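A.B. asks: Going by the UniProt record's numbering, the first residue of the sequence shown is number 1, and it counts up by one from there.
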Amino acid sequence: MAPESTTATATRPDQEAFGRLIEPHRRLLHAHCYRMMGSLHDAEDLTQETLLRAWQGIDGFHGPSLGAWLFRIATNTCLNALGRQRRASRFVVGVSAGELHADLLPHLEPYPDDMFDHQLAEIAVTDESARPDSRCEMRESISIAFLVATQLLPPRQRAVLLLRDVLGFSPSEVADQMASSVAGVNSLLQRARSTLRKSGLPSEAGGPHDLVASDAAAKQVVARFVSAWERADIQGLVDLLTDDAVLTMPPQKVRLIGRQGIGDFFSTVPADGHLEQIRLVATAANWQPALAAYVLDTATGVFNAYGIMVLTVEQGAISAITGFPGPALFPFFGLAQAF
1 MAPESTTATA TRPDQEAFGR LIEPHRRLLH AHCYRMMGSL HDAEDLTQET LLRAWQGIDG
61 FHGPSLGAWL FRIATNTCLN ALGRQRRASR FVVGVSAGEL HADLLPHLEP YPDDMFDHQL
121 AEIAVTDESA RPDSRCEMRE SISIAFLVAT QLLPPRQRAV LLLRDVLGFS PSEVADQMAS
181 SVAGVNSLLQ RARSTLRKSG LPSEAGGPHD LVASDAAAKQ VVARFVSAWE RADIQGLVDL
241 LTDDAVLTMP PQKVRLIGRQ GIGDFFSTVP ADGHLEQIRL VATAANWQPA LAAYVLDTAT
301 GVFNAYGIMV LTVEQGAISA ITGFPGPALF PFFGLAQAF
């Protein structure tokens, strides 16, 4: 169901009391901003803006649900930000569902598993009127594939889809949050679901992707990948890929498809093909296996943070590698900048 309701207090809380009120919602708000924006750094900024606006407007909150009120603020804060980004030509337009890949989304960033509260796994859509095939399994809703697919949606459709199918708010609650009518919300949701189905994204629990990083089979694949990498065994890496595996590296417009192209990339580009000069540290992002890459500075012998690879494991093989260059991501994952 939707995030828990909290009834308004009779008097304006002080900052400490306000902090206690919003704390149960903080991580959910952060995850919502991330799904809306696709960017971890944007999620940080917009969550803070949401909480500031909530504090400034707390006198206007009269219940019954603090959660619904906070998500209304967060959603509209994100919609305003997306409007600014559209004007800055950052929004993806004119791309069909089958053509949208991570390389077209320069703002896309991974999200650390540790930043997800256990509540996220327990939230489910309870509205019996919603068709089972339209419900987003929670782990799918933070996968790279889901994020890429939802970026195809116009912002208001994306917002309605997230509020209804991920967070489980009722049509009337979403209509209030979006300053719309129930009919308008249902229309936006229908169009969003249709687009998502065309993307080929699994929409039910138990979809084909082994998205949970703790899954034993996925862990085994990742361990074999790291072992082959440390040996600079290009063929060993290639053997772990599906025939149609895809490698992308947002914000760069790089998209390599198939074993041959990805193998050629590994043998020539990272550290000029000297993979032994790159150390991989296991982590997890978007409920998928991930690897943090550290590149050797041959002058100092220090391995410096470089970027994070998120792996999609499907039926015992890697079907997608999404690389995110940037040492700035490492603190979010609790990772050192160098060793």
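Virtual Cβ for every residue (Gly too), placed ideally from N, Cα, C. Fair warning: this is a prediction, and the values are worked out from it, not measured in the lab.
So the alpha helix (DSSP H) residue 255 belongs to, where does it begin and stop?
C.D. replies: Here residue 255 refers to the residue found at position 255 when the sequence shown is read from its first residue. Premise fails: residue 255 lies in the beta strand (DSSP E), 252-257, not in any alpha helix (DSSP H).
A.B. asks: Got a sec, what are the start and stop residues for the alpha helix (DSSP H) residue 43 sits in?
C.D. replies: In the sequence shown, the residue the question calls residue 43 occupies position 43. First-last of the alpha helix (DSSP H) with residue 43: 40-57.
A.B. asks: Taking the alpha-carbon positions, what's the residue 301 to residue 148 distance?
C.D. replies: Taking the first residue of the sequence shown as position 1, residue 301 is located at position 301. Taking the first residue of the sequence shown as position 1, residue 148 is located at position 148. Going by the C-alpha atoms only, they are around 37 Å apart.
A.B. asks: Does residue 212 come out as helix, strand or coil in the three-state DSSP assignment?
C.D. replies: In the sequence shown, counting from the first residue as 1, residue 212 sits at position 212. Annotation note: pLDDT 46 at residue 212 (below 50); position unreliable, coordinate value reported separately. Here residue 212 sits in coil by DSSP.
A.B. asks: If you run the structure through DSSP and keep just helix, strand and coil, what is residue 21?
C.D. replies: As a first step, residue 21 is located in the sequence shown; it is residue number 21 there, counting from the start. Residue state, collapsed to three classes: helix.
A.B. asks: So what does residue 309 bridge to, in DSSP terms?
C.D. replies: For this step, residue 309 is matched to residue 309 along the sequence shown. Residue 309 pairs with 291 and 323.
A.B. asks: Using only CA atoms, which one of 21, 68, 142 and 289 lies nearest to residue 168?
C.D. replies: As a first step, residue 168 must be located in the sequence shown, where it is residue number 168. The candidate whose alpha carbon is nearest that of residue 168 is 68.
A.B. asks: Residue 224 to residue 38, Cα distance in whole Å?
C.D. replies: For this step, residue 224 is matched to residue 224 along the sequence shown. For this step, residue 38 is matched to residue 38 along the sequence shown. About 30 Å.
A.B. asks: Count the C-beta pairs between the region 225-242 and the region 269-277 that are closer than 8 Å, then say yes if the count reaches three, no if not.
C.D. replies: Touching, yes, given that three or more Cβ pairs across the two stretches are closer than 8 Å.
A.B. asks: Please classify residue 269: does DSSP put it in a helix, a strand, or coil?
C.D. replies: Here the question's residue 269 lines up with position 269 in the sequence shown. Coil.
A.B. asks: For the 8 Å Cβ check, are there 3 or more pairs between the region 58-74 and the region 21-33?
C.D. replies: With a cut-off of 8 Å, the region 21-33 and the region 58-74 count as touching, because enough Cβ pairs lie within range.
A.B. asks: Applying the 10 Å Cβ sphere with the 16-neighbour rule, what's the burial state of residue 63?
C.D. replies: Along the sequence shown, read from residue 1 onward, the residue named residue 63 stands at position 63. Exposed, by the Cβ-count rule.
A.B. asks: Here's a check: name, in chain order, each residue in its chain whose Cβ is nearer than 6 Å to the Cβ of residue 212, leaving out the five neighbours to either side.
C.D. replies: Along the sequence shown, read from residue 1 onward, the residue named residue 212 stands at position 212. With a pLDDT of 46 at residue 212, under the threshold of 50, the modelled position of this residue cannot be trusted; read the value that follows with caution. So the qualifying residues of the chain are 287.
A.B. asks: Counting pairs of beta carbons, one from the region 288-308 and one from the region 318-331, are three or more of them closer than 8 Å?
C.D. replies: Contact between the region 288-308 and the region 318-331 is present, because at least three Cβ pairs lie under 8 Å.
A.B. asks: If you count every other CB in all the chains shown that lies within 10 Å of the CB of residue 173, and 16 or more means buried, which is it?
C.D. replies: Mapped onto the sequence shown, residue 173 falls at position 173. The residue is buried, with at least 16 neighbouring Cβ atoms inside 10 Å.
A.B. asks: Considering Cα atoms alone, identify which of 112, 266, 163 and 259 is closest to residue 283.
C.D. replies: On the sequence shown, position 283 is the one that residue 283 refers to. Comparing Cα-Cα distances from residue 283 to each of 112, 266, 163 and 259, the minimum goes to 112.
A.B. asks: Nearest CA to the CA of residue 342: which residue from 260, 146, 191 and 143?
C.D. replies: No statement about residue 342 is possible, as the shown extent of the chain runs from 1 to 339 and does not include it.
A.B. asks: Check whether the Cβ atoms of residue 46 and residue 251 lie closer than 9 Å to each other.
C.D. replies: Residue mapping note: residue 46 aligns to position 46 of the sequence shown, counting from 1. Residue mapping note: residue 251 aligns to position 251 of the sequence shown, counting from 1. No, Cβ-Cβ distance for residue 46 and residue 251 is not below 9 Å.
A.B. asks: Would you tell me roughly how many angstroms separate the C-alpha atoms of residue 216 and residue 83, rounded to the nearest one?
C.D. replies: In the sequence shown, residue 216 corresponds to position 216, counting from 1. In the sequence shown, residue 83 corresponds to position 83, counting from 1. Roughly 42 Å separates the two Cα atoms.
A.B. asks: Apart from the five residues just before and just after residue 247, which ones in its own chain have a Cβ nearer than 6 Å to its Cβ?
C.D. replies: As a working note, residue 247 is residue 247 in the sequence shown. Counting only Cβ-Cβ distances below 6 Å, and skipping sequence neighbours, we find 256, 262 and 321.
A.B. asks: With burial defined as no fewer than 16 other Cβ atoms inside 10 Å of the residue's Cβ, what is the status of residue 177: buried or exposed?
C.D. replies: Stepping through the sequence shown from its first residue, residue 177 is reached at position 177. When all chains shown are included, residue 177 counts as buried.
A.B. asks: Just tell me which of 254, 317, 43 and 312 has its CA closest to the CA of residue 325.
C.D. replies: Indexing the sequence shown from 1 puts residue 325 at position 325. Comparing Cα positions, the closest option is 254.
A.B. asks: Relative to the C-alpha of residue 259, which candidate in 249, 270 and 242 has its C-alpha closest?
C.D. replies: In the sequence shown, residue 259 corresponds to position 259, counting from 1. If we check each option's Cα against that of residue 259, 242 comes out closest.
A.B. asks: Identify, in the order they occur along the chain, each residue of the same chain with its Cβ nearer than 6 Å to the Cβ of residue 232, setting aside the five sequence neighbours on each side.
C.D. replies: Position 232 of the sequence shown holds residue 232. 275 and 276.
A.B. asks: Per DSSP, residue 279 is paired with what?
C.D. replies: Here residue 279 corresponds to residue number 279 of the sequence shown, with the count starting at 1. Answer is 294, bridged to residue 279.
A.B. asks: Taking all protein chains shown into account, do 16 or more other C-beta atoms lie within 10 angstroms of the C-beta of residue 140, making it buried, or fewer, making it exposed?
C.D. replies: As a working mapping, residue 140 is identified with position 140 in the sequence shown. Buried, since its Cβ has 16 or more Cβ neighbours within 10 Å.
A.B. asks: Among residues of its own chain, excluding the 5 on either side of residue 180, which ones have a beta-carbon nearer than 7 Å to its beta-carbon?
C.D. replies: Along the sequence shown, one-based indexing puts residue 180 at 180. Once the five neighbours on either side are set aside, residue 180 has no close Cβ partner at all.
A.B. asks: Using three-state DSSP, classify residue 109 as helix, strand or coil.
C.D. replies: Your numbering for residue 109 matches position 109 in the sequence shown. The answer is coil: DSSP assigns residue 109 none of H, G, I, E or B.
A.B. asks: Quick test of your reading: residue 159 and residue 75, contact by CB under 8 Å. State the CB separation rounded to the nearest angstrom.
C.D. replies: Taking the sequence shown and counting its residues from 1, the one referred to as residue 159 is at position 159. Taking the sequence shown and counting its residues from 1, the one referred to as residue 75 is at position 75. With a Cβ gap of about 5 Å, residue 159 and residue 75 count as contacting.
A.B. asks: Once you ignore the five residues that flank residue 35 on each side, which residues in its own chain have a CB closer than 6 Å to its CB?
C.D. replies: For this step, residue 35 is matched to residue 35 along the sequence shown. Cβ within range, chain order: 162.
A.B. asks: Ordered along the chain, which non-local residues of its own chain (more than five positions away) have a Cβ less than 6 Å from that of residue 339?
C.D. replies: Walking along the sequence shown from the start, residue 339 turns up at place 339. Hits under 6 Å: 303.
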